[in-house]
Amino acid sequence: MKSKRMATWLSSAVLMLAAGFTQAAEKPIVFAVAAEPYPPFTVKGGNGQWSGFEVDLIHKLCEGMKAECQIKEVAWDGIIPSLLAKKIDVIFSSMSVTDEREKQIAFSRAYYDSLLGVAGPKGSEVEISPAGLKGKLIGVQISTVSANYLKKYYENIADLKYYDTQESVNADLIAGRIDYMMADDTAIAMMVKTPEASGLAHIASVPYDPIIGRGVGAGLRKEDTVLKARLDKAIGELLVSKDYDDLSQRYFGLSVSPCKRGDTPAFVSKTCDSPYQQVAQKTE
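Take the numbering used here: the final residue in the sequence shown is number 836, and no numbers are missing along the way.
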């Protein structure tokens, strides 16, 4: 009787363990976007729902992976700590792939590219140089590639003002409280199209520098190699699809793909070209 009870207990334990593995396998993938809206990439509606280019990409990628996914908002400054603490599974919030960030986390292949630019009053000109930016009040969102670039090269030359959100930078530039702002080209392009920013323009492009990174990718924990492989494959397939082209044109009116497409759509390898790589090769 004792051995029978033991066998029954072991059988139940095995079933519970198997059920646990099944539940783990079906656990939704939690994608994180920054709590601070970043139009047109991530926008929070009045109903609390998120929309935008990156949100649409998340939905398409999850369809491609045949995975159940959730979107969670996390403050930008805490987004990498949340990933490392396993509160989220994927960072999908316009995070540039840089050597510094790769010391902490892994990245998927790039899913869009955007160089850095400067916005200011329409008709004005500025040179991205110590002479051109000396004494200028420049707004930038904290913990971004733009902020890192300005801090490295212009901290003691220009007057830098840091903001928690890109929307706050935009608002101060529109109100004339700062001279210029530095941000992604695509974000600037969308801002200057709005009625309230009609007096502003994209007035300069930032020369390539390694600190800018190698495109925008999804951030993952280094040990999550299986998820990374699935995401890389899904991104590669999406980049050459009509869906990606349609979303790119809908939000930006141009292609932001990091890859060059041939005449025939095909799976793009991880070595696909990007503007960063092309410019870097020219400057070597």
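Even glycine gets a Cβ: it sits at the ideal position worked out from N, Cα and C.
query                                                                                                                                             : result
Look at the alpha carbon of I740 and the alpha carbon of I690, and state the distance between them as a whole number of angstroms.                : 14 Å
Pick from R766, S634, H754: whose alpha carbon is nearest that of D737?                                                                           : H754
Quick check on S800: does DSSP put it in helix, strand or coil?                                                                                   : helix
Quick one: what's I581 bridged to in DSSP?                                                                                                        : C621
Measure the C-alpha to C-alpha separation of G604 and R773 and round it to an integer number of angstroms.                                        : 25 Å
Taking the DSSP output, what are the residues bridged to H754?                                                                                    : A671
Run through DSSP, which three-state label would K785 get?                                                                                         : helix
In chain order, what residues of the same chain lie with their CB nearer than 8 Å to the CB of M742, ignoring the 5 residues before and after it? : P591, P592, Y803, F804
Hey, would you say A735 sits closer than 8 Å to V721, going by beta carbons?                                                                      : yes
For K704, count neighbouring Cβ atoms within 10 angstroms of its own Cβ and tell me buried if that reaches 16, exposed if not.                    : exposed
Give me the Cα-Cα distance between L806 and L609, rounded to the nearest whole angstrom.                                                          : 16 Å
What first and last residue would you give for the beta strand (DSSP E) that runs through K713?                                                   : 711-715
Quick one: what's T777 bridged to in DSSP?                                                                                                        : Its beta-bridge partners do not exist; DSSP assigns none.
Would you say E606 touches the ligand ADP, meaning its beta carbon is less than 7 Å from a heavy atom?                                            : Of ligands this structure carries none, so the ligand ADP is not represented either.
Skipping 5 residues on each side, what residues in its chain have a beta carbon closer than 6 Å to that of T920?                                  : The requested residue 920 is not part of the displayed model; the chain covers only 553 to 836.
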